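S.K.: Take 556 as the starting number for the sequence shown in the working numbering and just add one per residue.
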Amino acid sequence: MWGLVWRYLWRSPRPIVRWLLRLSFVGLLLSAWAWIVVASVFNGFSAFLEEVFSRADPDIRLVGRGLSNSLRTQIESLSEVEAVGGLYERVALLRYGSRQAVVKFRLIDEAYARVTRLGSQMLVGEGFPLRQGAIFIGAGVAARLAFSASEEEPLWIYVVPSGRQVALMGMEALLRRRAIVQGVFSVHKEYDESWVLARQQDWPSLKGVFYDAIEIRLREGVNVSIFLKSLQESLPPFVEAQDIRRQHEGIFRVLSQEKALGRVGLTLLLLLTVSGVISTLSAFLLLGRRDWALYQALGASPKWTRRLVGRMSAALLIGGSGSGLLLGTLTVLIQQEFQVVKLRGGEGLLIQHFPVKLLSEDYLWLFGLLILVGGGLALYAYHHLEKVDLRSALQGD
């Protein structure tokens with residue numbers, strides 16, 4: 556039977572049938588190829604952003620109420636944890652000459668250098684540890700202030716201790732201090748244009764009873780998702796544990812929505828291709844109606860004929876889609892290895908080529924869709940065969 560399948564699909568004596576089947580094969584191939592390639596680009600950008608954020612963010616960040624030093628000590632005792640840092644976040648104003656910038660003022664402790672990888676992101680200056688009275692500033696903050704370490708003009712920090720103190724005392728409540736810039740870092744626009752880091756010891760009046768956040772770095776090889784789930788169960792109900800994706804939920808939600816829209820578009824493309832395949836099958840079954848009738852006249856059962864046509868439909872679908880899957884996978888692997896396709900205008904970005912990543916879920920989605928499509932094609936072919944009149948088909952009508 557498979558010999559007949561091969562003959563009908565690729566060696567049919569009818570030229571129009573051969574070309575229609577080949578066009579259907581190519582359409583299925585391109586649809587499957589596009590599905591894998593487009594999905595891998597979305598996966599690649601998502602993984603790239605996660606890698607960028609991990610340069611400054613901890614593996615897990617605790618936010619909420621009651622982030623006490625005792626909770627921090629409890630987490631430090633866990634075997635999966637490498638380092639834990641507590642920090643305070645305030646709003647501050649930097650003034651450099653006639654220029655100024657509102658920033659997020661982050662007061663870090665001695666463990667912060669082990670929690671973050673920010674020390675490897677320095678553009679100029681020295682990394683950790685921070686010297687007394689020194690600060691780290693983002694590259695965006697430095698650009699807004701037109702800061703230059705070679706100038707002798709002082710950099711001043713004005714910090715809002717609390718809204719209540721400002722309401723009672725006015726501008727006199729602001730804490731003013733001269734700072735020394737130890738280093739300028741660059742990670743991502745979100746950090747570069749807002750972050751300023753200073754030591755907690757230098758600003759004791761800004762420290763509160765509870766931390767604004769507790770940040771955790773896990774040991775190498777620890778699964779973040781599994782540890783996060785077990786940690787969340789042991790935390791008080793008003794404390795939330797966030798991984799990197801949760802810390803930047805908005806960005807990753809947009810990426811997932813765009814990927815979902817991409818899947819919808821690719822599904823419509825596949826269904827459009829399948830509609831062409833159905834038209835091809837209609838022509839194929841119509842032009843071959845004398846063959847189906849002759850097989851049954853020679854003693855073949857209707858079930859055998861349906862099985863033959865079903866295998867031809869399956870061979871066309873599996874052959875075209877399978878070739879597309881292999882070609883798409885090969886395309887992604889080549890892009891991963893050689894970065895063939897560049898980002899246009901990517902000279903000023905953190906990456907110059909399209910990042911790609913293969914995920915098993917994309918294959919599962921496509922397999923499920925192809926199973927549905929294959930079932931629909933088989934039902935259509937069986938229904939078409941049921942309408943073939945043996946006598947008229949043998950007489951050539």
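Positions of the beta carbon are idealized from the N, C-alpha and C atoms, including for glycine. Please read all numbers here as calculations on a predicted model, not as lab measurements.
Starting from ARG616, trace the beta strand (DSSP E) in both directions and tell me its first and last residue.
M.R.: Looking at the DSSP string, the run of the beta strand (DSSP E) that includes ARG616 is 615 to 619.
S.K.: Per the DSSP calculation, ILE663 is bridged to which residue(s)?
M.R.: Partner(s): ARG754.
S.K.: Going by DSSP, name the residue or residues bridged to ARG679.
M.R.: Looking at the sequence itself, residue 679 is Val, so the reference to Arg does not match. VAL679 pairs with VAL739.
S.K.: To the nearest whole angstrom, what separates the beta carbons of LEU773 and PHE782, a pair I think is in contact under 8 Å?
M.R.: With a Cβ gap of about 6 Å, LEU773 and PHE782 count as contacting.
S.K.: Less than 8 Å between C-beta atoms, sequence neighbours within five positions excluded: which residues of the same chain meet that for ILE833?
M.R.: LEU932 and TYR935, listed in sequence order.
S.K.: What are the boundary residues of the alpha helix (DSSP H) that GLN629 is part of?
M.R.: From DSSP, the alpha helix (DSSP H) with GLN629 extends over 624 to 631.
S.K.: Beta strand (DSSP E) containing GLN797: first to last residue?
M.R.: Looking at the DSSP string, the run of the beta strand (DSSP E) that includes GLN797 is 794 to 797.
S.K.: Note the first and the last residue of the continuous alpha helix (DSSP H) segment covering ILE926.
M.R.: Its alpha helix (DSSP H) spans residues 915 to 941.
S.K.: If we count the other Cβ atoms within 10 Å of its Cβ and call it buried at 16 or more, is ASP952 buried or exposed?
M.R.: In this prediction, ASP952 scores a pLDDT of 48, lower than 50, which makes its location untrustworthy; no coordinate-derived value is stated.
S.K.: Identify the residues that DSSP records as bridge partners of VAL658: which are they?
M.R.: VAL658 pairs with ALA647.
S.K.: How many Å lie between ASP917 and ALA611 at the Cα?
M.R.: For ASP917 and ALA611, the distance between alpha carbons rounds to 30 Å.
S.K.: If you follow the alpha helix (DSSP H) that VAL696 is part of, which residue opens it and which one closes it?
M.R.: Per DSSP, VAL696 belongs to the alpha helix (DSSP H) from 694 to 700.
S.K.: Tell me which same chain residues have a C-beta within less than 7 Å of the C-beta of SER623, skipping the five on either side of it?
M.R.: The answer, listed in chain order, is PHE765.
S.K.: Taking all protein chains shown into account, decide if ALA701 is buried (16 or more other Cβ within 10 angstroms of its Cβ) or exposed.
M.R.: Exposed, by the Cβ-count rule.
S.K.: Determine whether the beta carbon atoms of VAL636 and ALA666 lie at a separation below 8 Å.
M.R.: Taking 8 Å as the Cβ cut-off, VAL636 and ALA666 do not qualify as a contacting pair.
S.K.: Any chance the segment 614 to 634 sits against the segment 681 to 692, with 3 or more Cβ pairs inside 8 Å?
M.R.: Not touching, per the Cβ criterion.
S.K.: Using the beta-carbon count (16 or more within 10 Å), is MET867 buried or exposed?
M.R.: Label assigned to MET867: buried.
S.K.: Pick out whichever of LYS659, ILE926 and GLN756 has its Cα sitting closest to the Cα of LEU872.
M.R.: Considering only alpha carbons, the answer is ILE926.
S.K.: For GLY865, which of helix, strand or coil comes out of DSSP?
M.R.: In this structure, GLY865 counts as helix in the three-state DSSP scheme.
S.K.: Would you mind stating whether ILE799 and PHE580 have Cβ atoms separated by less than 8 Å?
M.R.: In this structure, PHE580 does not lie closer than 8 Å to ILE799 by Cβ.
S.K.: Taking 8 Å as the threshold, find out whether the segment 579 to 598 comes into contact with the segment 872 to 887 through three or more Cβ pairs.
M.R.: Result yes; three or more Cβ-Cβ pairs closer than 8 Å.
S.K.: Examine the Cβ distances between the segment 747 to 758 and the segment 613 to 622 and report whether three or more of them are shorter than 8 Å.
M.R.: No: fewer than three Cβ pairs fall under 8 Å.
S.K.: With distances taken Cα to Cα, identify the nearest neighbour of ILE591 among THR884, PRO910, LEU924 and GLY930.
M.R.: Taking only the C-alpha atoms, the option nearest ILE591 is THR884.
S.K.: What is the C-beta distance between ALA838 and VAL572, in whole angstroms, given that I count them as a contact (C-beta under 8 Å)?
M.R.: 7 Å between Cβ atoms; contact.
S.K.: Indicate whether SER760 and LEU730 have their beta-carbon atoms separated by less than 8 Å.
M.R.: Yes, Cβ-Cβ distance for SER760 and LEU730 is below 8 Å.
S.K.: Counting only runs of 3+ residues fully inside the segment 571 to 622, write out the beta strand (DSSP E) ranges in chain order.
M.R.: As far as the segment 571 to 622 is concerned, its whole beta strand (DSSP E) runs of at least 3 residues are 615 to 619.
S.K.: Look up LYS897 in the DSSP assignment and say whether it is helix, strand or coil.
M.R.: In the structure shown, LYS897 sits in a strand (DSSP, three-state: E or B).
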